[in-house]
Amino acid sequence: MQEPSHPHIRQVVFSKEEIASRVEELGTRITEDYAERVAAGEGLSLVCILRGAALFMADLARAIQLPLEIDYMTVSSYGDQAVSSGEITIKKDLDGSVEGRHVILVEDIIDTGLTLRSLRHHLLAAAPRSIEIASLLQKDTDVPAAVDCAYLGFTCPDGFIVGYGLDYAERYRNLPYVGILDPKIYEAEQA
Ligand code: IMP
Ligand code: MG
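Residue 7 is where the sequence shown starts when you use my numbering, and the numbers rise one by one after that.
This is the structure we're talking about:
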């Protein structure tokens, strides 16, 4: 495992190179899975969950060789806390319509899955043709997630994860790799 290059990172879990090659693979799979339906005139929309999934979305969209639309939503779940509240608030809804379209929800990380379960439920009201989930990461926890992820990048350890879009209190999003945040950082701030 590569050495952390930031003093607050305890361990690099997935390097820039590992992420790039995995995102390419996911893009290829999505291309294969949706090619026929898109050729038949059915639309494909990627819905990025801001802000954590923005970097993943930008790379994934370029790895999909099909015409598609991109939209964004903002939901709040954790706030600046390191533990899930299980409640979400929609802060920014879709700008465009996904009615009759195939939607892929693009998320940074699944922990309990409660955020995506609520979001999926909310989106059903917009009458898409289908909804699937693409998440860069899913935490390796004892409790099964509340949603199924069709396109998963990696399973990651159950620590607090930052980098490649993921933050702790809005920091570390621009790290090019995914790493485990040193617990001292949030323990100090929550004390
Ligand atoms: P869930 O509802 O428990 O699945 O939590 C998912 C949401 O919490 C994601 O949208 C993430 O933004 C955030 N989240 C969960 N775990 C982490 C983490 O380790 N680092 C950064 N954000 C996280
Ligand atoms: Mg998030």
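Ideal Cβ placement from N, Cα and C applies to all residues, glycine included.
All values reported here derive from a predicted model rather than from experimental measurement.
- Nearest in C-alpha terms to residue 141, of all of 18, 13 and 36, is 36.
- In this chain, the beta strand (DSSP E) harbouring residue 160 covers 157 to 162.
- For residue 140, the enclosing beta strand (DSSP E) begins and ends at 136 to 145.
- The shortest C-alpha to C-alpha distance from residue 183 to any of 147, 171 and 157 is the one to 171.
- Within its own chain, the residues whose Cβ lies closer than 6 angstroms to the Cβ of residue 49, once the five positions on either side in sequence are excluded, are 107, listed in chain order.
- With contacts defined as CB atoms closer than 8 angstroms, residue 160 and residue 187 fail to qualify as a contacting pair.
- The secondary-structure analysis by DSSP pairs residue 177 across a beta bridge with 174.
- In the three-state reduction of the DSSP assignment, residue 71 falls in the coil class, being assigned neither a helical nor a strand state.
- Distance from the CA atom of residue 112 to the CA atom of residue 119, rounded to whole angstroms, is 13 angstroms.
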